[in-house]
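The letter at position 56 of the sequence shown is residue 163 when you use the working numbering, and the numbering goes up by one with no holes.
Idealized CB from N, CA, C, for every residue including glycine.
Quick caveat: nothing in here was measured; it's all calculated off a predicted structure.
Here is the structure we will look at.
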Amino acid sequence: ERWLVRKEGSTFLASGKISRLKANAAGDMRGFVILVRDATDRHLAAEDLRRRAQYDALTDLPNRPTFYENVQRAISLLKRHSSNPFAVMFIDLDQFKTVNDEFGHLVADEVLALIARRLEACVRSGDIVSRVGGDEFAILLNGVNGSVDADDAAQRILTEMRRPLKTDSGDVFAAVSVGIAIGTSKYNRPEEVLRDADAAMYVAKSQGGARAVIFDDSI
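This is the structure:
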């Protein structure tokens, strides 16, 4: 298969095969027959299925399994090269049920999509924002300089979330609580990192929400 260009300039994915034309019984060749079919629709359908399996339909962010794959790569890279640190932030909306109750599910979905874009704007291009649950997000911060860089990123998010979200039904305020786990060599699986970031997030909620907490052994 390969991408080809039609005479009018449009591209399509060509799928086909080549058959030899024999000139005589000895098997001498006198040419080829090339049968080509347009496989673009099949290719696009396969890409759509792949994207549905890896991305969240509402926010177009990587889903939990895809996020785990990226965190696993970060863990493996850190074990090989200690100069490649990372951190994971677990983010949960404070009192999101109130948004659902007061505005309805359609506006709540709109809020989640707006938050996804706002989180992406708060981090660097190499970081990965993911939706890992109903009103739960996670961010993989690659190449952070320990807790200082991670806390700076969290504070940017907390500051940004103080601004109202402009929905079709009016302004909505949606504060978040953030838990942070700094990647170290003690981690072997992505579930372990997210577990600790989640635990730190619950500490942030217990302290009133709208704040960030970094995981430590006391948690």
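Validate contact between the region 302 to 321 and the region 283 to 291 using beta carbons, cut 8 Å, 3 pairs: Touching, yes, given that three or more Cβ pairs across the two stretches are closer than 8 Å.
Beta-carbon proximity list for Arg358, same chain, < 6 Å, skipping 5 on both sides: Because the chain is modelled from 108 through 326, residue 358 falls outside the range shown and cannot be assessed.
Gln262 versus Glu176, Ala220, Leu226, Asp163, residue with shortest Cα-Cα distance: Looking up residue 262 in the sequence shown gives position 155. Considering only Glu176, Ala220, Leu226, Asp163, the residue with the shortest C-alpha distance to Gln262 is Leu226.
The region 240 to 252 contacting the region 172 to 191, beta-carbon criterion three pairs below 8 Å: yes
Cβ-based neighbour list, Ser237, same chain, cut-off 6 Å, excluding 5 preceding and 5 following: The sequence position of residue 237 within the sequence shown is 130, counting from 1. So the list reads Leu168, Pro169, Phe174, Ala245, once near-sequence residues are dropped.
Beta-carbon spacing of Asp199, Glu243 below 9 Å: Working through the sequence shown from its first residue, we reach residue 199 at position 92. Working through the sequence shown from its first residue, we reach residue 243 at position 136. A contact, by the Cβ cut-off of 9 Å.
Per-residue burial, Asn177 [other beta carbons within 10 Å of its own, 16 or more giving buried]: Translated into positions along the sequence shown, residue 177 becomes position 70. Classification for Asn177: buried.
Collapsed DSSP secondary structure at Ala245 in the structure displayed: For the purposes of this step, residue 245 is identified with residue 138 of the sequence shown, where counting begins at 1. Three-state result, Ala245: strand.
Burial state of Phe203, where buried means 16 or more other Cβ atoms lie within 10 Å: For the purposes of this step, residue 203 is identified with residue 96 of the sequence shown, where counting begins at 1. Buried, by the Cβ-count rule.
Neighbourhood of Ala146 by C-beta distance below 6 Å, restricted to the same chain and skipping five residues each side: Taking the first residue of the sequence shown as 1, we reach residue 146 at position 39. Correct list, in chain order: Leu120, Ser122.
Which listed residue (Leu185, Asp303, Leu151, Gly134) has its alpha carbon closest to that of Ser325: Taking the sequence shown and counting its residues from 1, one reaches residue 325 at position 218. Among Leu185, Asp303, Leu151, Gly134, the Cα nearest to that of Ser325 is on Asp303.
Which of helix, strand or coil DSSP assigns to Ser183: In the sequence shown, the residue the question calls residue 183 occupies position 76. Correct three-state label for Ser183: helix.
8 Å CB neighbourhood of Gly134 in its chain, flanking five on each side removed: Taking the first residue of the sequence shown as 1, we reach residue 134 at position 27. Contacts found: none.
Proximity below 9 Å, CB of Met196 to CB of Ala282: In the sequence shown, the residue the question calls residue 196 occupies position 89. In the sequence shown, the residue the question calls residue 282 occupies position 175. Cβ distance not < 9 Å, so Met196 and Ala282 don't count as in contact.
Assumed close pair Asp201, Ala319 - CB separation to whole angstroms, cut-off 8 Å: On the sequence shown, residue 201 is found 94 positions in, with the first residue counted as 1. On the sequence shown, residue 319 is found 212 positions in, with the first residue counted as 1. The pair is not a contact, with the Cβ atoms about 12 Å apart (cut-off 8 Å).
Rounded straight-line distance, which links the Cα of Gly315 to that of Thr291: The residue given as residue 291 occupies position 184 in the sequence shown. The residue given as residue 315 occupies position 208 in the sequence shown. If I take the Cα positions, the gap works out to 28 Å.
Under 9 Å between C-beta atoms of Thr274 and Phe322: The count along the sequence shown starts at 1 and reaches residue 274 at position 167. The count along the sequence shown starts at 1 and reaches residue 322 at position 215. No; because the gap between Cβ atoms is not below 9 Å, this pair is not in contact.
Contacting residues, own chain, Cβ-Cβ under 7 Å from Glu108 (five flanking each side not counted): Taking the sequence shown and counting its residues from 1, the one referred to as residue 108 is at position 1. Leu120, Ala121, Ser122, Ala146, listed in sequence order.
Same chain, Cβ closer than 6 Å to Asn191, five either side skipped, listed in chain order: For the purposes of this step, residue 191 is taken as the residue at position 84 of the sequence shown. Excluding residues within five positions, the ones whose Cβ falls inside 6 Å are Leu184, Leu185.
For Val230 and Ala194, believed in contact at Cβ under 8 Å, the rounded distance: Counting from one through the sequence shown, the residue named residue 194 turns up at place 87. Counting from one through the sequence shown, the residue named residue 230 turns up at place 123. Wrong, their Cβ atoms sit about 11 Å apart, outside the cutoff.
Cβ-based neighbour list, Gln161, same chain, cut-off 8 Å, excluding 5 preceding and 5 following: By 1-based counting over the sequence shown, the position of residue 161 is 54. So the list reads Pro169, Asn170, Pro172, Thr173, once near-sequence residues are dropped.
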